[in-house]
Each structure stands twice: as C-alpha cells, then as structure tokens.
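In full-length UniProt numbering, the protein residues as written are 1 to 83.
Note that CB positions come from ideal geometry on N, CA and C, so glycine has one too.
On a predicted model such as this, the values are computed, not experimentally measured, just so you know.
The structure appears right after this line, and notes come after that.
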Amino acid sequence: MLLYDHNMEPEVAMKYGIRKPSLKKSFKARTTGKAKRKIKKALIPGYGKKGMGWLKNPKKAAYNKVYNKTSVSLSSILKNLFK
Numbered sequence: 001m002l003l004y005d006h007n008m009e010p011e012v013a014m015k016y017g018i019r020k021p022s023l024k025k026s027f028k029a030r031t032t033g034k035a036k037r038k039i040k041k042a043l044i045p046g047y048g049k050k051g052m053g054w055l056k057n058p059k060k061a062a063y064n065k066v067y068n069k070t071s072v073s074l075s076s077i078l079k080n081l082f083k
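Now the structure itself:
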C-alpha cells in the first residue's frame, strides 16, 4: 500500500515576469477578517511572526522569496506608468 506524503511537493518550474491577476484571490485577501487573524494568533504560537515560514517549510519559503523578487504584478506596472 502506498502512502501519500503531503510534505512531498512535485517539482515546479520557477515562474517569472508579470503575474496573472485573479479577482477571486484579490477579493478574498481584502475580505479575510481581522477577527479571524486575531483568533489564529491567540491559538497558534508564532502565527503572523516574521520568518516563521523559514522554520515551518524552508523549501517553500526559498521559492516564495525568489518568486517575489523575479515577478511583478500588473497593478504595480500601471501605478509606475501613471505616476
């Protein structure tokens, strides 16, 4: 019987360039409640602390660091054009 390990993630090619905008994700990010974050912060030690991603999942944290440095959002390009 094969067991699936949730920590094993398939290799993903690094994306770079302009990010694809998602209205659904943008709306979700703006409407996630302040109360929900407060509850998580009270229950989970280290929740919301800077650098916790490196302790929890260093491979994912490294990927995200590179991704955020090598890609730009469409809105940031438009903001710089119309300054």
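Query: So what does DSSP say about GLY53, is it helix, strand or coil?; Result: helix
Query: Apart from the five residues just before and just after ARG19, which ones in its own chain have a Cβ nearer than 6 Å to its Cβ?; Result: SER71, SER73
Query: Count the other CB atoms within 10 Å of the CB of LEU2; is the residue buried (16 or more) or exposed (fewer)?; Result: The predicted position of LEU2 is uncertain, since its pLDDT is 46 and thus under 50; a value taken from the coordinates is nonetheless stated next. Classification of LEU2: exposed, given that the 10 Å Cβ count is below 16.
Query: Rounded to the nearest angstrom, how far is the Cβ of LYS41 from that of GLY48, given a contact under 8 Å?; Result: 5 Å
Query: To which residues does DSSP link SER71 through a beta bridge?; Result: GLY17
Query: Apart from the five residues on each side of it in sequence, which residues of its chain come closer than 6 Å, Cβ to Cβ, to ASN80?; Result: none
Query: Closer than 6 Å by C-beta to ALA35: which residues in its own chain qualify, once you throw out the five before and the five after it? Chain order, please.; Result: none
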